[in-house]
Each structure stands twice: as C-alpha cells, then as structure tokens.
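Residue numbers (my numbering): 46 to 406.
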Ligand SMILES: [Zn+2]
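Listed below in structure tokens is the structure:
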C-alpha cells in the first residue's frame, strides 16, 4: 500500500532564554497544549475510581515534584512556566502533565515505544542513525509537532514533541541524540519528573554529561534513555529512582523497548509478565538490525513499519480496545541522522504516512 501523506506537521522555531522558548512554544502550539491537557484530564477522570485520584488531586500531587525541579533544574521550571504563559493554561495543569507518568501512568502498564541505533559499522554511508517509534494514547496524535530551539546556554536542538510536554526526543548541535522508552521499576518517589530529566539530557554538551543527567540525583523514577553521539558512541541508560545500569553498544547497534535488559534492573522490574509484547518488539527490531550491515534511512524505516505481532507490533495499532486507557498506537516515527543533522518524521503510523525531513542547520 502506498503511504498517504498527512497534512504537513507544525514546525516551530524557538529562540531565547528558557522562559522565552517555553512561552514561544506555548503560543505557537496553544491548541496542541490545551488538547493534551484535556486528553490527560479525561483519562484521569475516566479512571478515577480505579486509580483513587481525580485531576484536582493529581494537580496537588504534582506540586510536590516542583521543589526538586527548582533545586536541580530551575531552567526547566522556567520553561514549564513559559509554556503555561504562552498557551494561557494554568501552571498547575502544565506541571501535572509533565509529572503524570509518576502520578498515574505507571499504574496503567501500557507497552509504549521502540528505539534503535546503529553506528558507522552498520551503516552504508557510515552515518550514525537513531530511530524511535513513539507509542502513546491515540488522542495525542493530533498534538505532535516539531521544534527547533536555540536556547541561550545550551546547544541548539531539533526535537519531536507533543502537547504541553517538555521536549525529550531529538538531537542537539553537540551531536547528542536521545530517545526515551518507558520502563516499569518497582521503586519510584517524589522527585524530578522523568520528562524534566529527559529535557535535561537533550541539553547536554557531551555524551558523559548526557548520561550523568539521565541519572540526576533525586529523580522520581526513570526511563531507558537511548543516548547516542555523532562519533558513534551508543548507550542504553536504564534508570529507576535509585538504581541504574549503563549498557554500551559495542557491536555497533542497540535497541530498546519497555522492559529492562540488564539483570540488575530486571530484579526491580514490576510485573514483568505484563511485558511480553515489549520482548517481542525488542527481539524483532534487534534481528532486523543484525540481518544486514549496510543500513540506511530506508532500512531503519522498514523496521519501524514492521507488523509482526500486530497490533502490538513495532508499528503499533492497538486502537480496537473498549477501555480508552488501554488503547495505544504509534503516533509518530522518526529517524535521526546525527551526521547530516536531519530528522525524518512520519506523523502517525509509519506504514500509512510519509516521512518528511527537518534540518537543524
Ligand atoms: Zn502499521
């Protein structure tokens, strides 16, 4: 089937200090920000009996995270304030959205996201390529946009984002790329929300600083941060609130889905029997990477469109379920070329939509 191109995705260019870029993002994406809050609010309300929490209680809970952001990353608290100002939403709602995984989502146990990376050893043009399928609630697909940001004290970056979240998935001019994959540790705490830690990684100037930021002190929980550098250094940094494991891509490739790969982190994984779908996606992606040593943008896109184990495939289509909070799909897929400094993004499922290039320079 020939992919159908959607209308072109919003591309927002931001420049200034942290508060200013937040405000510009909020202004340019006011509709997307508001819609993402409404989606999150209706999800929490629909589950209020089960989760024993409503949106108002979630906003009160979210405030407890704020002092930790202020202490360690005040610049990103400024960005959150700016997003609220620009979109004319309340700061409480924006903060709640960015802390929501810790407050609510961990209890839902959805699949979510497949990431992979290859370096010169596996690439036809000897480029370093990083790919990510963002699997999330179908309602948030409309809220996806691209950002180019020049922040006063950080390398300029190019990122995919949606709604009122801080940007996490992209790369910067220092050659650092990041993809985030949800993981499910038993341990978590009130601290710096994952979305803020992810934003901090995107501002790193070196690969060491990126890894250091992924394991920031007083983090609330953790993602797997797939961190890559244009030199070909590839890492999976598996994180929880108090533990982490650093896995190096010594063979020239890496993949990750939503279960821990290191034995240390597996020992603190919550309900691993719920994560079979993640194992299937991970193994499938890894096999498709290993089958050839001359990968390019197109071959990674082919992996992103894979339908083995449909609808819980790498290209995820699990939209048929009765419970709205169990529905998920690939809301966008991107391939980053760290040497050419380009992101190719397909908005929606990559099996149905064309990839469009976005350049940092
Ligand atoms: Zn598909």
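Ideal placement from N, C-alpha and C gives every residue a C-beta, glycine not left out.
| query | How many Å lie between residue 313 and residue 53 at the Cα? | reply | 42 Å
At 4 residues or longer, what runs of the alpha helix (DSSP H) sit wholly inside the segment 215-252? 239-247
Using a 10 Å radius around the Cβ and a threshold of 16 neighbouring Cβ atoms, would you call residue 104 buried or exposed? buried
Item checked: 6 Å Cβ shell around residue 219 - same chain, five flanking residues per side excluded -> 200 and 250
Touching by the beta-carbon criterion (3+ pairs, under 8 Å), the segment 74-83 and the segment 187-196: yes
Please report how far the alpha carbon of residue 316 lies from the alpha carbon of residue 61, in whole angstroms.
-> 44 Å
(message) With the cut-off set at 7 Å, would you say residue 263 and residue 110 are in Cβ contact?
(response) no
Open item on the list: Are the CB atoms of residue 178 and residue 397 within a distance shorter than 7 Å?
Closed with: no
I need the boundaries of the beta strand (DSSP E) containing residue 61, first residue and last residue. 56-61
Q. Thinking just about the alpha-carbon of each residue, which of 285, 325 and 322 is nearest to the one in residue 307?
A. 285
Is residue 77 helix, strand or coil when you go by DSSP?
-> helix
For this session: Please classify residue 260: does DSSP put it in a helix, a strand, or coil?
Result: coil
Is the Cβ-Cβ distance between residue 303 and residue 227 less than 7 Å?
yes
(request) For residue 398, verify whether its CB is less than 6 Å away from any heavy atom of ligand 1. (result) no
Relative to the C-alpha of residue 323, which residue among 338, 305 and 340 is closest? 305
Quick check for students: name the residue ranges of the alpha helix (DSSP H) that lie wholly in the segment 112-179, counting only runs of 4 or more. 119-132 and 136-148
request  = Could you have a look at residue 328 and say whether DSSP puts it in helix, strand or coil?
outcome  = helix
Within 10 angstroms of its Cβ, does residue 269 collect 16 or more other Cβ (buried), or is it exposed? buried
| query | Would you report the Cα separation of residue 132 and residue 139, rounded to the nearest angstrom? | reply | 10 Å
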